[in-house]
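K.L.:
Numbering (my numbering), first residue to last: 46 to 295. Below is the structure I would like to discuss, written out as C-alpha cells.
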C-alpha cells in the first residue's frame, strides 16, 4: 500500500523536477484531501500521510521585471506633456533608487541633490537614509522640474512636494499605482506592475550584477538583512530557470 515513505519520495521527485514550494504545496493539499476522503468512506483504515509535512512556502518570492521590460516601461510615458514628464521622472527615480510608494509621493524638492546625485529619503519609522541616483534618472528630473512641474503649480498648489497632481498637490499613492499600471499596460507588460515591482527590480538587478548585500540593504532601508536576502533567492531562482531552459542537461 501507499506509505509515508512513498509520499516523501513523491515530494522529492517534484522538487527534482524544479517545481516551486508553492506548486508542491498545492499537490500535497490535493493528496491530503484524497486520503481524508478514503478514510471517511471507509476505504482506508488510517491516513498514511496524516503526520507527514509538506514544504514550507514562506513568503512569496518578489517578482521583478526583466531589463527589456524596464526599458519598455520607462520609455512609455509621453515626454511632451506635463503628466508624461512627471511620470517618466517618477518611474526612472523608482527604478534608480528602489523607493517605496510612500517615499516617492513624500519626496520634497529639498530632498533631491541633483549635482551630487543623491536623495535624502525618510523611510519606515521615520528613519532617514541617503540613496544614490543614476544619471539617467537625474536627466529626467530636470525637464520635469523646468517645464512639467510649473504647469501643475499654476493650479494654486501649496507645499514643496516634488511630484504634483493636476491640482498642484502632492500626488497620492493611489494615483501613483494607477499611473504605473497604465504605463505598464502601454509597454505591453502582461503581469501586474506596482510601485513595489520597481523596488524589487532595483534590488534584484543590483544583486544579479554582483552588488554587496549590505549596500543593497542600506539603499532599500531594510532594518533586517534577512529581508534583503529574499532577493538573493530570487536571483538564484532566475538562474535556475535559465539553466533549466537553456542547458542541454537542464
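Glycine is no exception: its CB is placed at the ideal position from the N, C-alpha and C atoms. Small disclaimer: the values here were computed from a predicted structure and weren't measured.
So what does DSSP say about residue 153, is it helix, strand or coil?
P.N.:
Strand, per DSSP.
K.L.:
Taking only three categories from DSSP, how would you classify residue 177?
P.N.:
Three-state result, residue 177: strand.
K.L.:
Under the rule that 16 or more other beta-carbon atoms within 10 Å means buried, what is residue 262, buried or exposed?
P.N.:
Residue 262 should be labelled buried.
K.L.:
Determine, using beta-carbon pairs with one atom in the segment 224-237 and one in the segment 157-166, whether at least three such pairs fall under 8 Å.
P.N.:
Verdict: no, contact absent.
K.L.:
Answer with yes or no whether the minimum CB distance from residue 154 to chain D is below 8 Å.
P.N.:
The structure shown has no chain D; it contains just one protein chain.
K.L.:
For residue 265, report the span of its alpha helix (DSSP H) as first-last.
P.N.:
Run containing residue 265: 258-265, per the alpha helix (DSSP H) assignment.
K.L.:
Taking residue 183 as the reference, which of 198, 157, 85, 115 has the closest Cα?
P.N.:
For the residues 198, 157, 85, 115, the minimum Cα distance to residue 183 belongs to 157.
K.L.:
Looking at the unbroken alpha helix (DSSP H) that takes in residue 8, where does it start and where does it end?
P.N.:
Summary: the structure shown does not reach residue 8, with the chain confined to residues 46 through 295, and so no result is reported for it.
K.L.:
Can you tell me whether residue 209 is helix, strand or coil according to DSSP?
P.N.:
It is a strand residue.
K.L.:
Would you identify the three-state DSSP class for residue 125, choosing helix, strand or coil?
P.N.:
Here residue 125 sits in coil by DSSP.
K.L.:
Could you tell me which of 273, 240, 137 sits nearest to residue 147, measuring between CA atoms?
P.N.:
Nearest option by C-alpha distance: 240.
K.L.:
For residue 277 and residue 88, I'd like the C-alpha separation in whole angstroms.
P.N.:
Distance between the alpha carbons of residue 277 and residue 88 is about 46 Å.
K.L.:
Quick one: using the 10 Å Cβ neighbour count with 16 as the cut-off for buried, is residue 94 buried or exposed?
P.N.:
Buried.
K.L.:
Below 8 Å, how does it come out for the segment 130-142 and the segment 177-191: are there three or more Cβ pairs, yes or no?
P.N.:
Contact between the segment 130-142 and the segment 177-191 is present, because at least three Cβ pairs lie under 8 Å.
K.L.:
Figure out for me which residue from 80, 205, 243 has the closest Cα to the Cα of residue 226.
P.N.:
That would be 243, whose Cα lies nearest to the Cα of residue 226.
K.L.:
Report, in whole angstroms, the separation of the C-beta atoms of residue 131 and residue 189, which I expect to be a contact under 8 Å.
P.N.:
Contact holds; Cβ gap of about 6 Å.
K.L.:
Measure the Cβ-Cβ separation of residue 238 and residue 248 and say whether it is below 8 Å.
P.N.:
No.
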